[in-house]
Every structure is written in C-alpha cells, then in structure tokens.
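Accompanying notes for the structure given below.
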Amino acid sequence: MLARPLRALLPALCLPACAPGFTVERHRLGPPRIAALGVIDGELQAALWSGLGLYHDEAPRLRWLVDGLLIGEGYGLRAPTAGLLRLEAEIDGVERVAELSLPEEPALLPLRVQREELRLGDRLAVEQRRAVEGAPVENGVSDDADARLVVEGAEGRGLRWMLAGPEGGVLELDATRADLLRHAVEYDDGAVSRGARGPAGVYTALVLAIDGAGSNRWRWVDVGMGAEGPLLRAGERLLPLDLEAPASRRLVVRFEIDDEAGLLGLRVGAATPLAEAEAGPDPLPCAPQGRPLRLDDLAEGRCTRADVDGQYVVLELE
Amino acid sequence: MSLALLLCAAALAAPAVVVRERGTNDPVPGAELVLPDGRVVPVDARGAALWPAAAPGPSGPSGPSGPSGPMRIEVRSAAHEPQSIDWDGQEPLRVYLVPLPGVAEIVVEARRDSPSVSRQIIDRERIEKTPGTFDDPLRLLQALPGVASTPEYAPTAGLLSVRGAQPTESQVLLDGIEIPFLYHFQQYGSVVHGRLLDEIALYPSARSAAWGDAVGGVAAVTTRQADPRKVHGGVNLNAITAGAYVQAPATLPGGQRAAFSASARRSFADLGESSNDQYTLWPVFWDYLTRADLRPSADVRWSLMGVGAGDRYGRYVGDTAALDPIQRLDAPDFRFDRGFHGLILNRAAASADAAHLSSAGFVHDRWSGAFADTSQLRVEDSVQVRHVSTLSLTDRLSLGLGGDARAATVQRTAVLDQAWSELAGEAPLLARGVAVDERRSGVVGGIWAEPRLQLGPLRLQPGLRLQGDSDSGALSPEPRLATVLRTAEDQQLRFAAGRTSQAPGLDATSPVTGAPGLGLIRADQAALGYDLAIAGRWELGAELWGTRVIDALDEDPAEVADVVDGRAGGVELTSRYRLRERFFTWASLALGRSFRGDAPADFDQPYALNLVASWDFAPGWNAGLRYRRSSGLPLTPVQGAVYDGDTDGYRPIYGPENSDRLPDYQKVDLHLERGFALRRWTLVVYGEAWWVPAQNNAMYTVYSYDYTQSATVAGPGFVPLLGARAEL
C-alpha cells in the first residue's frame, strides 16, 4: 500500500488542480455519527447525533465491547477501569463504530459555558476576533450580533466544536473560546468570510473536551441568536418557555412532537415547576434511573421523541 | 614555389574572407568562393579563403594575391545554402552560410549490440526533441515500455517502477554511480540539465551479469562529453525553472587538451511569494553539474564530475483546508530539506583487443524534516566503485568481467513523541513513530564474468555473478544467460534469463526500526524478444517477460518491514522509425500484471500505450506530438472508519489491498519549436501544451474527515508552457 500522498506539493508551483468539496465537515454534525465517547460519572456514555436534530426517532442500538469482548448493550453500563472500549452503534439505520482508551480514573470535568454577545462584522481573522471583547449574556444575543462561547473547567484539555443543524458557523478562537455566527463560514486560501445567513432562533453547538487519554466530557450548548420569545435555561440548553426562573431545579412538562419546532423537534405543551419535595409523574422507562430527564437525553438517544410525546415528564434543569 | 606553399603564404598573410556556419559560428572548411571570372577559391579548416598567388588580391594587408576591387562573389558548400555577396574587395569579410537540412540517415537501433539483450535506449536526438518533457527529458523514462506511466504531478509521478516492481527495487545510475533521487519533488524536474544528457538507457530485467543489486530495473543515465573543439552554452527559462549551461575546451599546462561542462538550474516560483495558506516556505529546487573531460591519449578518456541537487519547503502538517484558523495556527510548521552532492570519476580505455570502463564515486545524501521539537535526520555517505572490462580473446570469443561495490554509512536520528503518519512520504522516520539514534554501515557488491561467444548468427552469453551483502551476510551466486540469434539481416531473436538479488538496505534491517533478520531479495527473470526491421528502416519489436520475486520487502511506513513473494509478467510491443535529424516516431504498448502475494502490486498496470512523433518539418522548425494512455494504478479502498475518542479523529478501515484502481490515464502533449540561427548563436523559442481529458485526470483519492465521502483529485487538465533557449 502506498504511503499517504504528498499531495500538498501540487499547487505549489501554480499548477491548477482541484478536488470536489465534501458535504460533510468536521465542524457540523451532519449525518448520524458518534460525536463523542467517554466515561462520565463511572458510566459509559456517548453523544449520538441522529442526523435529524436534537432528538432521535429511533432508539439507537448500542453494543459495548472492551478489548474485543462484549460487555453489554444499551445505555447505563458501568465502565471498566482499563482496556480498549469499542462502541458499535446503529443510529437511524446507520452503523457507526468508535473506540476509546478507558481511563483508570476518569477526570471530572464539570464544563460550564459562558455566553457573550459581540459584533464581529467582517473582522473574522483570528487576530481581529481576539481584539473584540464580548459582553456576557444569559441566554442569547440580539438579532444583529454574534455570540462568543467561553468554556470553563476544561483546563489542559483540547476543545472541539461542532454545530448541530445546517445553519450558522463556528470559529474557534483559542483554547477555551469559540465564536458562533448565524452565517455559514467560508474559507478561501486562509481568508475567512461570511456565507449565507441563517434564520433567527436557537443554535446548538456540541463542545467536546478531550485529553487524549479517554477522559472526555462534552456539553450541548444552546444559544439564542435573535430568537423571538422567552427562553428558559435548562443547564446549557434552552427551552422556549415563558417562565420566570423557577425556584426548583425540576419542571413537569408535557412534550408534543412538532416537526416545525426546529432542532428540538418537540413543542412544550405545558410546564409547571415542581417543588423539591414533590415526586411528580412516574419516570419514563427510557430515562436513567435515579435522575430526571434532561434534554441531552433526547439529543443523545436515551429517549426518543415517541417516548416523550404527550407525556408529562419531570425535566431536570441541572 | 609550389602551389601549396603559395596557398599557405597567402592564407597566413590575411584571411580576408572567412566562411562560417550561421547559428554555430563553426568554420565551413569545405566551402568555396566563386569569383566573377569563374575562378574558385577554396576555404581552409579555419574557414579562411586561400587566395592563390595568381589571383588578384586586395590592396590591404592580404597582399597582392587577393582580389583588388569591388566584386560579387558566390560562396557555396555542399552542406549549406549558397550565398551571393557584394564585396568591396578591401574590408575583411565574414560570410555566414545556412546549413541545409541533414541527410536522411535511417537509424536502425536494434543493430546495436549490448550485453543486456533486454533494454531500451533514448539517445541525444530523442532526448532533445521528444514532446511532453517540458525541457526536461529525463521525464521520458516513463515513456519507455515497461515503466509504469503515472499522471503528471501525482504522488507517484517521480517514482520509477519497472515491470511492476516497487520503485525501491530499481536503481538509477548517473555515469555508473547510483544517485539518491532522479526527480525534484513529484517530477517537477529531473536533477540533470537536459543539455548535458547524452543517453538514457533502461535495462528492465534479465540483465547482463554486469548489473546487480536491483530486482527491478536499472536506469543508466549518461552525461554528455563536452565538445573538445569549441564553446557551447545556453540559458533556458520556462515557467518553472531558469538555468544555464556551458561547455568549453581548454588547454592544460603541458599542452594537454581538456573540456569542461557546467550547468545550474533553480526553480523560481518562490521568488515572488514565500508562503501561502498551505506553505510556510515555498518549494524550491536546484541542481548543478560540473564535468571535466581529459583525453591524455587517443585510447584513454577521463572525466570527473560533480553533481548535486536539492529540494526544500515548509508546510503545515495536516490538511489546512479542513482546519479552523485557530487550528491552522497550531498546525506544526514542517520543514523538509533534502539534497545530495556527488563526485564521480570515470576512466575509459580501449585498445584493439580490450575495453575498460571504471567508475568511482562518493555521494553524500542529507535528508531532514523537522518541526518544533520533532525532527528526523538521515545522512547517507556512500563510496561506490564499478569496473567493466571486455576482452577480445578470439574472433568469436570475448570475455566480459568486472565488479562493483557500494559501501555506505547511514546516520539516522529521530526525535519525536508520537507517530506522524501524515509525513510518511517526507519524513519516514517520523511516520514510523520510533525514536532513533543510530549509525550503521554496510557493503554491497558483486563480481562477475561473462563469456560472449559468437557462433555465426548465434551469440551465446552465459554469465555468473557473485553478489554479497555484509549486512545480512548473504552471498548469492547468480547465473545469467543471454542469447541472440540473428535469423536474417534485420531480424533477431533474443532470450535472456537469470537470477538477480538486492540487499534490503540498512534502514530495513535496522534493529531499531526494521527487521534485522532480513536477507537478500531475490528475483528470477526471463525475457524473450524478437526484432524485425521492415525494408531496413521500420523496426518492430516484441518482448515477452516474466519475473518471480522472492522475499521482497513489504514496507509500510508505520510498521516493521515484512517480506512477501511476488510475480509479474507481460509483453511489450514496440515500433520505431527514424530519419536522423529529420523525423522519428516510436510507439509502444506494454501489457502485463504484477502481484505481491495475492494482491496486485502497487504499480500493477495492465496496459500502457505510448506514441511519440517528432518532425523537423522546415528549416528551424520542429513539431512534436506525444500521446499516452494507461490503466490507473491500484489503490486500496476505504470501506469505513472508526471514530477515535482519544483524539476526536477517524481511522480508516481499509478493504482488500489494491483491490480498486484509479481511472485510466491519457494525455496529449504538443510541442512546437522555432530556432533562429543568428550569426554566432542560436535562439530557440518553444511552446508546449498538454491536455488531459477530465475523465482521465485522476491523481489520487481524498476522503472527508470521517471517511464517509471520497473524491478524486484531478491534475491540471490543460497546461501551456513557453520557453526559450539561447545557445552558443
């Protein structure tokens, strides 16, 4: 087999050559994929992107192997402390495989994300963007602004940024920050420019922190970009709900499938804060034992849209 | 006083009229001046008119024997266009005659005898006039049957694969000494100036016992001996390189005649821009060659040559097109720098019953690649000697014997903390991912003897070579046999067979990165050929060949080399027709397969077609056409990928090795050249263009970041090139 070609030399002496562009790129989640894999709180976890949005219509089928031996299927498996982890996933009918070196002591990475508002204009080069300061915001930025996401708790880790959905663009800034645009990002021989502008609404990024040794952590981060209507913060996710910040960290909500609801794919039919002492409705069978549902459980396939459609569920706001 | 003395005296007095050839400024010794009264004045070896004593002479310094007043003279020569000139009979006159087109000499190449009956030759005329070389005729190697034809500028373009062998299994010799590389980068240019090339010979397989240590082919490049009579020189400029060469005679102290040659070239694309999105240091290549020729006697020739070439550039590691600006800033800035310098001494001696050719050379090859704290350095110093003697024992029997050896020291260092597979082609030690600090030495060589017996129409040539390698301790006796049966005046049947071997090399047997137990690679080769000249001028040839390779290296940049057996076979058909200095055409069709293990070899090419034509259709004009079509090289398909959670990257899952193939390649080259013969020099302006149809322009396959999508990178489809040469 030939070594990887030294293809870089081709254009060096001004000779034209070209390859068609790809419709997938690493900063956009695109078709179904295993977007992240790690051991979190002693449990094997994976961020499974459905290719549809922040929901799954079919429950992913997961097979977990360590050093080639099957150790279990589905969600919620406890993580062995050593070996090569292999996940074979069927996501919306697509087979995907991922591997990870199991860490002996997974590091705790409580990632937090700060949103900032700024106006970059055409100043998209790295040095230009570094010169622009952002102002902290709670949930989102105004219609004509860009957003900056600042990650805390990822020291010593490398960050990877991926956008959900076909709109917008993400530009990394440094080891902890990235800028989120409603515009697509276009590259031309190193120069960056804005492409098509996406609609106003909630944009979602997946930020992954890796240390190269299997201690991975990730967060799904919603940002309102000129979004109309109130948004309720649930961890790093946003729900289109007109509620004052509830005293309780839990809500009882009723989800309904809504294909017009953007990446969320669900409409919130009703929402009521749940007092700490209240038990609320029975947990959904798909929800992890011992804790209420999170929106990320829908994004990563623990629960499908059908599992929550028409159901009153307790939603954890973190 | 005799007429001769009169002529001499007149000539020495003052050569008032000198006749030279336009473009070369060479004297025209056979020319004549025809005076108005019909008398004829001859011209001497310096081109000076020899006025007879009886002729009326100029009143000037040429004395009373020359012409005395204005007149119209005609100057004529058998090989030049005649010219009429009005002359005042007073001032010295210099006449430049335009040469007539050359005599249409038919060249039948199959008549040339060679100890290796399987061979292909490109001589000086074809070197200079074949289209599609972009003024760089060493690229013609890929036009020869048996050499894998690859797309221009593809990653494989600079690699020489002969009859399905791996590139590392072939040797490239420059005046008998092996050089590290023949082409800059991916065939952007060869390392030898085209005007200093004399001949390119390819010995694809089943060679004479004189050749060893290569289980693939041998490409022997011969540089040109300088003209000992006059100065030649030129400058050349095209879209890629600028260069110059000069050849000059000289007289050494003691009166000995010598000649010197020198050339130098450099790419210049870096001068306008030093970096871009992908390159931090624009690619640069350069080469030089100097040569001194000495002929102390009629039977002995010496030449001493200095040669060198280098490539360097800086680039980001990784595909920067797929990176964010911030990632691009973090991408390592890799610097590649490779160059070699060589000193080559040749001595040729001939007598009535013996001929000897000896070569000795020293080659220093330095190969570095580095970024940040990661680096590799490979320095190889080699001393090479080669000797060939041919002794005529009787009218029917001669004996070829000789030997060759290559002693090399390799110093390798690699400082790294991980494997960098992206750099496999540029820094193999970094791709291997193993820290190295070692110095190794070894000697490879052989001695051989080959009686050559001529029995009427049959030439029988059994040979034996004893090949050894100090690294593996292996000694390999290698019997060879070649026969040529001339069945008629212009027909011959050729057969050659034998065993050859090759040392795996000091890198492959390194105890740090290789497999110390590797032995010699061996190959059993056979070839059967038939040559026919129709009507004494149109040559047709066919050659059937087969090779079995045993314990060939199976190299992967990321792994220790292993061994694998291989087999290859095919047939090559050739057609040649040539009128010297007027027209030539050649065509070849190579059909064959090559396997390593059960998989097609990397350079398995089921067919390759080459058509070349060059025509001097008018004085000063030359047009050329070259067409090639070949099957695409094999590739190993990617059938999927595994997401690596440790790095957030993807690792490809490969399908069966070399089970897929690039599309067929075809290319048309056109060449048009106009030479202007000025009085003392010649200006040649030329244009070349190539065209590759879009569907046949695949160079290699690239994949999306997750290997779910693939695309074929196409080479340049239409490329024009304008160039000029000025030559003394």
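Residue numbers (my numbering), protein chains in the order written: chain A, -15 to 302; chain B, 651 to 1378. Each residue gets a CB set at the ideal place from its N, CA and C atoms; glycine is no exception. Since the model is a prediction, treat every value here as computed from it, not as a measurement.
For the segment 34 to 49 of chain A, the set of residues with a beta-carbon nearer than 8 Å to any beta-carbon of chain B is empty.
Sequence-ordered contacts of the segment 5 to 27 of chain A with chain B read Gly5, Phe6, Thr7, Val8, Glu9, Arg10, His11, Gly14, Pro15, Arg17, Ile18, Ala19, Ala20, Leu21 and Gly22 [C-beta pairs closer than 9 Å]. Take aspartate 293 (chain A), set aside five residues on each side of it, and the residues of its chain with a beta-carbon closer than 7 Å to its own are Phe239, Glu240 and Ile241, in chain order.
Valine 176 (chain A) sits in a strand when the DSSP states are folded into three classes.
Our two residues, glycine 922 (chain B) and alanine 1208 (chain B), have alpha carbons roughly 37 Å apart in a direct line. The alpha-carbon of leucine 84 (chain A) is positioned some 12 Å away from that of arginine 1301 (chain B). Fewer than three Cβ pairs drawn from the segment 815 to 828 of chain B and the segment 911 to 921 of chain B lie within less than 8 Å of each other, which leaves the two stretches out of contact.
Per DSSP, proline 1078 (chain B) is not a residue of any beta strand (DSSP E); the alpha helix (DSSP H) it occupies stretches across 1078 to 1082. What alanine 197 (chain A) touches in chain B, judged by beta-carbon distance under 8 Å, is Asp1296, going in chain order. Taking a C-beta distance under 8 Å as the contact criterion, threonine 160 (chain A) and leucine 147 (chain A) do not qualify as a contact pair. When secondary structure is reduced to three states using DSSP, threonine 160 (chain A) falls in the coil class, being assigned neither helix nor strand.
Taking C-alpha positions only, glycine 208 (chain A) is separated from aspartate 130 (chain A) by approximately 10 Å. Short of 7 Å from the beta carbon of proline 732 (chain B), and not among the five residues preceding or following it, lie these beta carbons of its own chain, in chain order: Glu724, Val725 and Arg726. Distance from serine 799 (chain B) to arginine 1115 (chain B) at the Cβ level is roughly 31 Å; contact not present, criterion being Cβ atoms closer than 8 Å. Of the candidates B:Ala1364, B:Asp1319 and B:Pro1313, the residue whose Cα lies closest to the Cα of tyrosine 803 (chain B) is B:Ala1364.
Taking a C-beta distance under 8 Å as the contact criterion, serine 1281 (chain B) and arginine 1311 (chain B) qualify as a contact pair.
With three or more CB-CB distances shorter than 8 Å, the segment 74 to 88 of chain A counts as touching the segment 1287 to 1301 of chain B.
Rounded to the nearest whole angstrom, the C-alpha separation of arginine 1324 (chain B) and alanine 1237 (chain B) is 25 Å. Beta-bridge partners assigned by DSSP to methionine 721 (chain B): B:Trp737. Non-local beta-carbon contacts of glycine 1019 (chain B) in its own chain, meaning distances under 6 Å to residues more than five positions away in sequence, involve Phe986, Gln1026, Glu1076 and Ala1077 in chain order.
Judged by DSSP in its simplified three-state form, glycine 246 (chain A) adopts helix.
Unbroken beta strand (DSSP E) runs of no fewer than 3 residues, entirely contained in the segment 1022 to 1074 of chain B, are found at 1024 to 1042 and 1047 to 1065, following chain order. Counting only the Cα atoms, leucine 1156 (chain B) lies some 21 Å from alanine 1069 (chain B). Each of A:Arg233, A:Gly210, A:Arg221 and A:Pro44 was checked against the Cα of aspartate 280 (chain A), and the nearest Cα belongs to A:Arg221.
Taking the beta carbon of valine 1292 (chain B) as reference, the chain A residues within 7 Å of it are Val81, Ala82 and Glu83, listed in sequence order. Residue environment: tyrosine 1336 (chain B) is assigned as buried (16 or more neighbouring CB atoms within 10 Å of its CB, all protein chains considered). For valine 1214 (chain B), the CB contacts under 6 Å within the same chain, skipping 5 residues up- and downstream, are Ala1202, Asp1204, Arg1246 and Gly1247 in chain order.
Runs of alpha helix (DSSP H) with 4 or more residues, each lying fully within the segment 73 to 137 of chain A, are found at 110 to 114, listed in chain order. Among the CB atoms of chain B, none fall inside 8 Å of the CB of arginine 62 (chain A). Boundaries cannot be given for alanine 1344 (chain B), as no alpha helix (DSSP H) includes it and DSSP labels it neither H nor E.
Neighbourhood of serine 1354 (chain B) in chain A, by CB distance below 9 Å: Phe6, Thr7, Val8, Glu9 and Arg10, in chain order.
Inter-residue distance for glutamate 1231 (chain B) and arginine 722 (chain B) is about 34 Å (C-alpha atoms, whole angstroms). Think of a sphere of 8 Å around the beta carbon of arginine 107 (chain A): no beta carbon from chain B falls inside it, the nearest being about 12 Å out.
Nearest to tyrosine 929 (chain B) by alpha-carbon distance, out of B:Ala908, B:Ala942 and B:Tyr963, is B:Tyr963. For the options B:Arg744, B:Arg857 and B:Val871, the alpha carbon positioned closest to that of arginine 789 (chain B) is the one of B:Val871.
Rounded to whole angstroms, the separation of the alpha carbons of alanine 864 (chain B) and serine 768 (chain B) is 15 Å.
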